[in-house]
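Using full-length UniProt numbering, read the sequence shown as starting at 1 and increasing by one per residue. Every residue, glycine too, gets a C-beta built ideally from N, C-alpha and C. Computed from a predicted model, the values in this text were never measured in an experiment. Structure first, commentary second.
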Amino acid sequence: MKSRLDILEKYRKYVALIVFIVMAMAIYDMGNKSVNLFVDGKDMKMSTSAYDVKSLLEQKKIELSKYDQVSPGLETTLVDGTVIRIDRAFEVTISENGKERKVKTAEKTVEGLLKQEDMKLSKYDKVIPGRAKEIKPGDQISITKVDIQNVEVVEDVPYRVEVISDDSIEAGKSAIVQKGTMGSKKVVYEVVLEDGTEVKRSKIEEEMISEPSEEVVKKGTKSFVITSRGEHRNFKKVISVSATAYTAGYESTGKNPGDAEYGITRSGTRVRPGVVAVDPNVIPLGSKLYIEPLGIVASAEDTGSAIKGNKIDIYMESLSDARRFGRKNVKVYILK
């Protein structure tokens, strides 16, 4: 039979083993932490012995892309109650200077995305939607670069024209007495460029360099002509024309005495000295005319196939006189 001492020794060994196991389990429990993990739409509560966030994700075989965001950071030590959140990156489109590019981000706002992409914008640059706006998958962010410049230019300053009435000059005509000259000025504009294209220009400064000089013009008001007989005849219009002469004969009209309408004008009157053929589009039929320098007071009563535009044909009694007249440049006053 075993001695009492042997039994006691065996009992002590069992007790020691039990104590060891209990202590080991206690130590194991002391190394575990209870944490919450939010990822891919799931809220997972778990107990882990991982030391930090990175170790936990490795234990759980959770992979991260470059732009996924983990909060708190991967090096954060885990304690009871730690909450870990993983925000997966999504795709958005950035449009800039006419070009588009797709990027991945887990940022919550446009401002965060700009920082992620290291896009340094000025306070004038336009961002649509606004920088504080939230972004979501598929959004498009449009960026317009705005540049504001001060541009200095030299511009012409127009001269003033003074008009003086002069009754020694025919109405409708004018003469420059003193020629005007342009001045110049320095102008500074604030120019706004959007993606290199000018969209606005505002004058902010102006300085005169040279003053313009006035132009003086005499404007004719003379509405009468003095005929070769010394008569003052008022006129409506004066034009320069080419003058020739014609007769009632075959050489000019293709008709002989005795032919129908021989010697009859387009107006139905009989030809006679002082009758003139005209283009009715230039000189209306029935107009009274004064022809200078011939000194002739005439009447526009006839037309001719060759009389088009600024031309007149003066009736003469003899073919020799008509041929001798030839062609002359004259002024025709259309009388009132």
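Rounded to whole angstroms, how far is the Cβ of K33 from the Cβ of V79, which I believe are closer than 8 Å?
-> In the sequence shown, counting from the first residue as 1, residue 33 sits at position 33. In the sequence shown, counting from the first residue as 1, residue 79 sits at position 79. Right, their Cβ atoms sit about 6 Å apart.
For A132, is the classification buried or exposed, using 16 other Cβ atoms within 10 angstroms of its Cβ as the cut-off for buried?
-> Residue mapping note: residue 132 aligns to position 132 of the sequence shown, counting from 1. With fewer than 16 other Cβ atoms within 10 Å, it is exposed.
Just reading off the alpha helix (DSSP H) that S132 is part of, what are its end residues?
-> Within the sequence shown, the letter at position 132 stands for residue 132. What sits at residue 132 in the sequence shown is Ala, not Ser. Where A132 is concerned, there is no enclosing alpha helix (DSSP H), given that its DSSP letter is neither H nor E.
Around the Cβ of A24, are there at least 16 other Cβ atoms within 10 angstroms (buried) or fewer (exposed)?
-> For the purposes of this step, residue 24 is identified with residue 24 of the sequence shown, where counting begins at 1. Reliability fails at A24, whose pLDDT of 44 lies under 50, so the model's placement of it is uncertain and the value that follows must be treated cautiously. Result: exposed.
Using DSSP with H/G/I as helix, E/B as strand and the rest coil, what is D167?
-> Taking the sequence shown and counting its residues from 1, the one referred to as residue 167 is at position 167. In this structure, D167 counts as strand in the three-state DSSP scheme.
Measuring CA to CA, which of E75, A106 and I296 is closest to D40?
-> For the purposes of this step, residue 40 is taken as the residue at position 40 of the sequence shown. For D40, the closest alpha carbon among the candidates E75, A106 and I296 is that of A106.
I334 versus I176, A243, F38 and F235, residue with shortest Cα-Cα distance = Residue 334 sits at position 334 when you count from the first residue of the sequence shown. It is F235 whose Cα lies nearest to the Cα of I334.
Span separating the alpha-carbon of M30 from that of T144 = Taking the sequence shown and counting its residues from 1, the one referred to as residue 30 is at position 30. Taking the sequence shown and counting its residues from 1, the one referred to as residue 144 is at position 144. Low confidence applies to M30: its pLDDT is 46, below 50, so where it sits in the model is not reliable, and the reading given next is rough at best. A straight line joining the alpha-carbon of M30 with that of T144 spans about 57 Å.
Short Cβ contact (9 Å threshold) for V282 with G258 = On the sequence shown, position 282 is the one that residue 282 refers to. On the sequence shown, position 258 is the one that residue 258 refers to. Inclusion of V282 and G258 in the CB contact set at 9 Å is not warranted, their separation being larger than that value.
Please state whether DSSP places Y159 in a helix, a strand or coil.
-> Indexing the sequence shown from 1 puts residue 159 at position 159. Under the three-state reduction of DSSP, Y159 is assigned to coil, being neither helix nor strand.
So, helix, strand or coil for A106, using DSSP?
-> Reading the sequence shown from its first residue, position 106 is the one you call residue 106. A106 falls in the coil class under three-state DSSP.
When DSSP labels each residue in this structure, what does V332 get in the three-state scheme?
-> Here residue 332 is taken as the residue at index 332 of the sequence shown, counted from 1. Taken through DSSP and simplified to helix, strand or coil, V332 comes out as strand.
Range of the contiguous alpha helix (DSSP H) that encloses V271 = Residue mapping note: residue 271 aligns to position 271 of the sequence shown, counting from 1. Premise fails: V271 is in no alpha helix (DSSP H) and is neither H nor E.
What is the DSSP secondary structure of G220, reduced to helix, strand or coil?
-> Here residue 220 refers to the residue found at position 220 when the sequence shown is read from its first residue. In the structure shown, G220 sits in a strand (DSSP, three-state: E or B).
Counterpart residues of M44 in DSSP-defined beta bridges = The residue given as residue 44 occupies position 44 in the sequence shown. Its beta-bridge partners are L37.
Could you tell me whether the Cβ atoms of V146 and I176 are closer together than 9 Å?
-> Residue 146 sits at position 146 when you count from the first residue of the sequence shown. Residue 176 sits at position 176 when you count from the first residue of the sequence shown. No, these two residues do not count as a Cβ contact at 9 Å.
R327, enclosing alpha helix (DSSP H) - first and last residue = For the purposes of this step, residue 327 is identified with residue 327 of the sequence shown, where counting begins at 1. Looking at the DSSP string, R327 is not in any alpha helix (DSSP H), and its letter there is neither H nor E.
Integer Cβ distance of K237 from D167, believed to fall under 8 Å | The residue given as residue 237 occupies position 237 in the sequence shown. The residue given as residue 167 occupies position 167 in the sequence shown. Not a contact, Cβ separation roughly 17 Å.
When you compare each of Q69, P273 and A248 to E261 by their alpha carbons, which one comes out closest?
-> The count along the sequence shown starts at 1 and reaches residue 261 at position 261. A248 is the residue among Q69, P273 and A248 whose C-alpha sits nearest the C-alpha of E261.
Three-state secondary structure (DSSP) of K60 = One-based indexing of the sequence shown puts residue 60 at position 60. In this structure, K60 counts as coil in the three-state DSSP scheme.
Under 9 Å, do Y290 and Y246 count as touching if we go by C-beta distance?
-> By one-based count along the sequence shown, residue 290 stands at place 290. By one-based count along the sequence shown, residue 246 stands at place 246. Taking C-beta atoms as the reference points, Y290 and Y246 fail to come closer than 9 Å.
Cα separation between D139 and Y124?
-> As a first step, residue 139 is located in the sequence shown; it is residue number 139 there, counting from the start. As a first step, residue 124 is located in the sequence shown; it is residue number 124 there, counting from the start. Annotation: D139 to Y124 spans about 22 Å, alpha carbon to alpha carbon.
Of the residues K336, E117 and R324, which one's Cα is nearest the Cα of V297?
-> As a working note, residue 297 is residue 297 in the sequence shown. If we check each option's Cα against that of V297, K336 comes out closest.
Evaluate E205 with the Cβ neighbour count: other Cβ atoms within 10 Å of its Cβ, from every protein chain shown; 16 or more gives buried, anything less gives exposed.
-> One-based indexing of the sequence shown puts residue 205 at position 205. E205 should be labelled exposed.
Measure from the alpha carbon of S210 to the alpha carbon of each residue in K185, Y189, V192 and E194, then state which is nearest.
-> On the sequence shown, position 210 is the one that residue 210 refers to. With distances taken between CA atoms, S210 lies nearest to K185 out of K185, Y189, V192 and E194.
Quick one: is D321 buried, meaning 16 or more other Cβ sit within 10 Å of its Cβ, or exposed?
-> On the sequence shown, residue 321 is found 321 positions in, with the first residue counted as 1. Its Cβ having fewer than 16 others within 10 Å, D321 is exposed.
Please classify G183: does DSSP put it in a helix, a strand, or coil?
-> Taking the sequence shown and counting its residues from 1, the one referred to as residue 183 is at position 183. Here G183 sits in strand by DSSP.
Residue closest to E58, alpha-carbon to alpha-carbon, out of I264, E214, E75 and N150 | Sequence index remark: in the sequence shown, residue 58 carries index 58 (1-based). Of I264, E214, E75 and N150, the residue nearest in Cα terms is E75.
Pair within 9 Å by beta-carbon distance, E91 and K104 = Sequence index remark: in the sequence shown, residue 91 carries index 91 (1-based). Sequence index remark: in the sequence shown, residue 104 carries index 104 (1-based). Inclusion of E91 and K104 in the CB contact set at 9 Å is warranted, their separation being smaller than that value.
Determine the direct distance from the alpha carbon of L319 to that of V271, and round the result to whole angstroms.
-> By one-based count along the sequence shown, residue 271 stands at place 271. By one-based count along the sequence shown, residue 319 stands at place 319. The straight-line gap separating the alpha-carbon atoms of V271 and L319 is approximately 14 Å.
Nearest to D313 by alpha carbon, out of E292, G295 and D279?
-> Working through the sequence shown from its first residue, we reach residue 313 at position 313. Minimum Cα distance to D313 is reached at D279.
Please confirm whether S305 and K288 have their CB atoms less than 9 Å apart.
-> Looking up residue 305 in the sequence shown gives position 305. Looking up residue 288 in the sequence shown gives position 288. Not in contact: S305 and K288 (Cβ atoms no closer than 9 Å).
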